[in-house]
Amino acid sequence: MRALVTGASGYVGGRLVPRLLDDGVTVRCLARTPAKLTRAAWVDRVEVVRGSVEGPLDAALADVDVAYYLVHGIGDGPDWVAKETRDAESFRRAAEAAGVRRIVYLGGLGDDGDGLSAHLTSRHAVGAALARGSVPVLELRAAVIIGSGSASFEMLRYLVEVLPIMVTPRWVATRCQPIAIADVLSYLVAAAHAPDGVRGVIEIGGPDVVSYAQMMAIYAAEAGLRRRILLPVPVLSPRLSSHWVGLVTPVPTALARPLVDSLVNEVVVRDDRAATLFGPPRHDLREAVRLALTATARRTVATTFSDADLAPFRADATDPSWAGGTELRDVRRAHTTAAPAAVFAVLCELGGERGWYYGELLWRVRGLVDRVWGGPGLRRGRRDPSDLRVGDHVDFWRVERLEAPHRLTLHAEMILPGQAWLEWRVDADQTGARVIQRARFRPRGLGGRLYWYAVLPFHGVVFPGLLRGVIRDAERRQG
101 MRALVTGASG YVGGRLVPRL LDDGVTVRCL ARTPAKLTRA AWVDRVEVVR GSVEGPLDAA
161 LADVDVAYYL VHGIGDGPDW VAKETRDAES FRRAAEAAGV RRIVYLGGLG DDGDGLSAHL
221 TSRHAVGAAL ARGSVPVLEL RAAVIIGSGS ASFEMLRYLV EVLPIMVTPR WVATRCQPIA
281 IADVLSYLVA AAHAPDGVRG VIEIGGPDVV SYAQMMAIYA AEAGLRRRIL LPVPVLSPRL
341 SSHWVGLVTP VPTALARPLV DSLVNEVVVR DDRAATLFGP PRHDLREAVR LALTATARRT
401 VATTFSDADL APFRADATDP SWAGGTELRD VRRAHTTAAP AAVFAVLCEL GGERGWYYGE
461 LLWRVRGLVD RVWGGPGLRR GRRDPSDLRV GDHVDFWRVE RLEAPHRLTL HAEMILPGQA
521 WLEWRVDADQ TGARVIQRAR FRPRGLGGRL YWYAVLPFHG VVFPGLLRGV IRDAERRQG
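At position 76 of the sequence shown (counting the first as 1) the number is 176 in this note's numbering, and the numbers step up by one without a gap.
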């Protein structure tokens, strides 16, 4: 079997490709930007064709048995709804001309008579446009997909972790039937092997039917957070809610708006055709959240919603620093006439009796506060005044990475509402060396973000002085 996967650089498509390969399917990927697939571990096992569903599609669909339609233009421009239908019609005509045996499409749950949102209406319209031709279409309809990196999961994760108390709109009481990304992928693979007579809409969902409020409570419990307090009010419209989501989470408003609009619609499975044809889902909601949290903690997230080749999804739009995205940073750069080895030797002597070059009183106060909170403070000092190894403690830091003479990373072991690192990169140039100093902080919840902004003024004093002191000492030693 040969399958074409559209949207292979996106969230679902990027995870489906290796599943199909493991199932023995020969895979061809259609990508608007093939370079985005070069980082995929499976890229050397597939054929990549440059293009889009708008066409031309002759090369992409040649000798294809099953075509997966996984593209989604949500929020990409003011006419994205109309463009989605046009693209689906173009793809259908090309599939007919190429003699494709089946189209598999991943759409969205919801009853047409319930006043569906623009997002869900568009999902259904795309399915209808694909099905109007002679190629049989199997349309899988899903609600909230729970998986590390999915837009719905990241929106849920940030809302619950950042806000211990939430003023919520009425849609938090709407019922939905979330499904684990692993089960979505299993159904998509099974759809390729379905008997020839199987076509039409097949609704898929996990075993749990919950409200969004219940989903947030389950997430909090699985993440080890205190019970979140929800204060529903009738005045928060989807428009206002989407702006709030855009501020608090890494999901931009352009994407949050259609997603939030859809939360007012009940999205539950109405028939058991999926279970009859392909078997029941294997993961309940708690297990799906647990798997997503594990992948996030281990930094093994295979794909994310921001991988899609659409402007509102790109990383620079989805992770603004003021939103407290994945990581907050203080970055300082400098040039020195000293050689990289001289700079690195000074870096390896920081802390202990030598100290931190600037703002020593502030460093001591921070160490005292840490000791009061139960942390190590500055009392540990150093193992050796000049020799440094991976695993060594340096005051309330520990050496995590040491690659002489170019890179040093210290991981904070002080008591913090998050994880912190202080690192330097030293690169040679024609007249000496370029030095980049980064303070990185991965906040935990609202407290983590408040902590970062509370200490930001001190960073503006301590970190520039630290970098200046390192360079001054390196140049002095080199003579």
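All residues carry an ideal CB built from backbone N, CA and C; glycine is no exception. All of these numbers come straight from a predicted model, not from anything done at the bench.
| Query | Result |
| --- | --- |
| Segment contact, 8 angstroms Cβ cut-off, at least three pairs: the segment 190-200 with the segment 154-168 | yes |
| Rounded separation between E575 and L256 - CA only | 50 angstroms |
| Residue ranges of each beta strand (DSSP E) within the segment 172-210, 3 or longer | 202-208 |
| Endpoints, beta strand (DSSP E) assigned at L363 | First-last for L363: undefined, no H or E at that position. |
| Neighbourhood of A225 by C-beta distance below 6 angstroms, restricted to the same chain and skipping five residues each side | T185 |
| Under the three-state DSSP convention, the category F496 falls into | coil |
| For K136 and R192, the rounded distance between their alpha carbons | 25 angstroms |
| Own chain, CB closer than 6 angstroms to L508, minus 5 neighbours either side, in chain order | L447, L502 and W524 |
| Alpha carbon of F541 to alpha carbon of E427, nearest angstrom | 6 angstroms |
| Other residues of its chain near A374: CB distance less than 6 angstroms, five sequence neighbours each side excluded | I302 and I304 |
| Cβ contact (3+ pairs, closer than 8 angstroms) linking the segment 385-396 and the segment 288-295 | no |
| Where R328 falls, given that 16 or more other Cβ within 10 Å makes a residue buried | buried |
| Of the residues L157, W142, R119 and L263, the one placed nearest L130, counting alpha carbons only | L157 |
| Beta-carbon spacing of G475, D495 below 8 angstroms | no |
| Buried versus exposed call for S217 [16 or more other C-beta atoms within 10 Å across all chains shown] | buried |
| Buried versus exposed, by CB contacts within 10 Å (16 or more), I265 | exposed |
| CB of P564 within 8 angstroms of CB of R433, strictly | no |
| Option in Y111, G491, V272 and I515 with minimal Cα separation from V591 | With the chain covering 101 to 579 only, the question about residue 591 has no answer from this structure. |
| Inter-residue Cα distance where the pair is E189 and L230 | 6 angstroms |
| Straight-line gap, R202 to V125 (C-alpha atoms, nearest Å) | 14 angstroms |
| CB contact flag (N365, G207, <8 angstroms) | no |
| Cα-Cα separation between R102 and A159, rounded to whole angstroms | 13 angstroms |
| Spatial neighbours of G233 in its chain, beta-carbon cut-off 8 angstroms, leaving aside the 5 residues before and after | R192, R193, A195 and E196 |
| Rounded distance between the beta-carbons of S222 and F405, thought under 8 angstroms | F405 to S222, Cβ: 17 angstroms. No contact. |
| Collapsed DSSP secondary structure at A160 in the structure displayed | helix |
| Proximal residues to G481 (C-beta, below 6 angstroms), its chain only, five neighbours per side dropped | G452 |
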